[in-house]
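Report on the following structure.
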Amino acid sequence: MSQTKVRIPNFAKDDTAPVADPAEKNLVRSLAKGFAVLHAFTAERDELTLAEVAREAGVDNATAFRFLNTLVMLGYVARVPGTRRFRLTLRCLDLGFNAIARADLRLQARPILRDLVGAVNEAASIGVLDGVDVVYIERIQAGIARLGVDVRIGSRVPVYSSAIGRAILAYLPRETQIAVLDARPRERLTEATVTDRDALLAILERVREDGIAFSDQETVPGLRVLACPLLDADGVPLGGISVAAPALRMTAEDYLRQAGPPLIAAARALSRGLEAAGGTAAPQHPTLADTNRDRRHHP
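The opening position of the sequence shown corresponds to residue 1 in the numbering used here, with each subsequent residue numbered one higher.
This is the structure:
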């Protein structure tokens with residue numbers, strides 16, 4: 001963690017204090033206090049008592065106690081055995097590594113995505129798994145707007161119906177596959193959407209065997225999407241790369257034949273590039289706890 005202290009406005013010590021600066025009216029004071037608690041730890045003072053954390057964060061002991069216990073439960077802070085001190089855990093590194101690694105993935109992906117868009121494909125994308133959704137982190141698009149497709153960086157699509165989602169999920173353990181698929185209701189987004197869990201698991205097995213996933217108008221009517229996983233040296237999926245084209249342009253068989261080989265080659269090239277650069281997408285592979293939480297949010 002940086003040694004620079006987080007500046008906590010004076011009113012953060014008192015949730016009832018008036019807001020003097022209009023720009024601060026949207027500040028979530030409890031979140032600011034939480035980050036102040038995290039930043040109380042430095043390289044020189046990596047283990048602190050509750051009172052020391054309270055002093056460094058500018059909060060009272062009771063507040064520091066609540067935040068420390070919350071951070072312990074979330075896995076960002078640990079109690080030092082046999083003492084009354086606390087220290088940060090390595091989980092704090094995940095936040096920084098995710099940002100750095102995904103930026104590296106986007107940087108390497110752009111020229112590859114541009115090469116995939118042309119006569120056959122009207123869009124090419126990179127997506128990563130976030131809980132039970134695929135989040136697009138890079139995209140090159142030259143058409144398909146007429147189909148009502150408005151996918152941008154940050155857009156989310158369900159894992160079960162998307163080609164990228166299947167490409168990533170196919171390379172995760174079966175327990176994780178089931179947990180993700182069952183985390184929320186699988187709605188029929190189009191007439192072609194496959195929602196049956198056993199059928200989806202069978203599809204994932206074929207994706208694992210073939211190395212490529214196909215979503216034929218299952219998320220958006222009239223849109224065919226192919227996707228391949230981006231794998232690290234151990235075969236762990238870092239994300240997925242996809243191409244898309246209107247279904248009216250050619251048959252599904254012709255599209256697979258024309259778009260499949262270049263996409264597979266692009267996925268391999270990008271995977272090798274990420275491995276050589278030492279970068280990964282650092283995906284958030286959902287655990288059972290993650291998906292149980294999502295199930296509560298999606299009854």
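Ideal placement from N, C-alpha and C gives every residue a C-beta, glycine not left out.
**Asked** Going along the chain, which unbroken runs of the beta strand (DSSP E) with 3 or more residues stay wholly within the region 157-243?
**Response** 213-216 and 223-231
**Asked** When you compare only the Cα positions, how much space is there between residue 55 and residue 82?
**Response** Residue 55 sits at position 55 when you count from the first residue of the sequence shown. Residue 82 sits at position 82 when you count from the first residue of the sequence shown. Each residue's alpha carbon lies about 22 Å from the other.
**Message:** Do residue 140 and residue 114 have their beta-carbon atoms positioned less than 8 Å apart in this structure?
**Reply:** The residue you call residue 114 lines up with position 114 of the sequence shown. The residue you call residue 140 lines up with position 140 of the sequence shown. Yes.
**Message:** If distances are taken between C-alpha atoms only, which option among 142, 120, 118 and 152 comes closest to residue 126?
**Reply:** For the purposes of this step, residue 126 is taken as residue 126 along the sequence shown, with counting starting at 1. Measuring from the Cα of residue 126, the nearest candidate turns out to be 152.
**Message:** Pairs of beta-carbons, one from the region 225-241 and one from the region 186-205, closer than 8 Å: are there three or more?
**Reply:** no
**Request:** Indicate whether residue 168 and residue 237 have their beta-carbon atoms separated by less than 8 Å.
**Result:** By 1-based counting over the sequence shown, the position of residue 168 is 168. By 1-based counting over the sequence shown, the position of residue 237 is 237. Against a cut-off of 8 Å, the Cβ pair of residue 237 and residue 168 comes out as a contact.
**Prompt:** Based on Cα-Cα distance, which residue from 251, 248, 256 and 250 lies nearest to residue 242?
**Reply:** By 1-based counting over the sequence shown, the position of residue 242 is 242. Taking only the C-alpha atoms, the option nearest residue 242 is 256.
**Prompt:** What do you get for residue 61, buried or exposed, if any count of 16 or more other CB atoms within 10 angstroms of its CB means buried?
**Reply:** Position 61 of the sequence shown, counted from the start, is the residue given in the question as residue 61. When all chains shown are included, residue 61 counts as exposed.
**Asked** Between which two residues does the beta strand (DSSP E) containing residue 29 stretch?
**Response** Here residue 29 refers to the residue found at position 29 of the sequence shown. Counting along the chain, residue 29 falls outside any beta strand (DSSP E), though it belongs to the alpha helix (DSSP H) covering 29-39.
**Request:** Round the Cβ separation of residue 79 and residue 72 to the nearest angstrom and send it over; I've been treating them as touching at under 8 Å.
**Result:** One-based indexing of the sequence shown puts residue 79 at position 79. One-based indexing of the sequence shown puts residue 72 at position 72. At roughly 6 Å, the Cβ-Cβ gap stays under 8 Å, so residue 79 and residue 72 are in contact.
**Asked** Under a three-way DSSP split, which group does residue 56 fall into?
**Response** Taking the first residue of the sequence shown as position 1, residue 56 is located at position 56. Reduced to three states, the DSSP call for residue 56 is helix.
**Item:** Local conformation of residue 111 per DSSP, three classes
**Value:** On the sequence shown, residue 111 is found 111 positions in, with the first residue counted as 1. The answer is helix: DSSP assigns residue 111 an H, G or I state.
**Prompt:** If you draw a straight line from the alpha carbon of residue 41 to that of residue 258, how long is it in whole angstroms?
**Reply:** Against the sequence shown, residue 41 aligns to sequence position 41. Against the sequence shown, residue 258 aligns to sequence position 258. When rounded, the distance between both Cα atoms is 55 Å.
**Request:** May I have the straight-line CA-CA distance separating residue 210 from residue 33, to the nearest angstrom?
**Result:** Taking the sequence shown and counting its residues from 1, the one referred to as residue 210 is at position 210. Taking the sequence shown and counting its residues from 1, the one referred to as residue 33 is at position 33. Cα to Cα, the separation comes out at about 50 Å.
**Prompt:** What does a CB cutoff of less than 8 Å around residue 76 pick up in its chain, not counting 5 residues either side in sequence?
**Reply:** Taking the sequence shown and counting its residues from 1, one reaches residue 76 at position 76. Taken in chain order, the residues that qualify are 38, 88, 89, 91 and 92.
**Item:** DSSP state of residue 318 mapped onto helix, strand, coil
**Value:** A query on residue 318 cannot be resolved here, the shown segment of the chain reaching from 1 to 299 and no further.
**Request:** Tell me whether the beta-carbon of residue 217 lies closer than 8 Å to the beta-carbon of residue 206.
**Result:** What you label residue 217 is simply residue 217 of the sequence shown in a count that begins at 1. What you label residue 206 is simply residue 206 of the sequence shown in a count that begins at 1. No, these two residues do not count as a Cβ contact at 8 Å.
**Asked** Going by DSSP, which residues form a beta bridge with residue 255?
**Response** Numbered from 1 along the sequence shown, position 255 holds the residue referred to as residue 255. In the DSSP output, where bridge partners are listed per residue, residue 255 has none listed.
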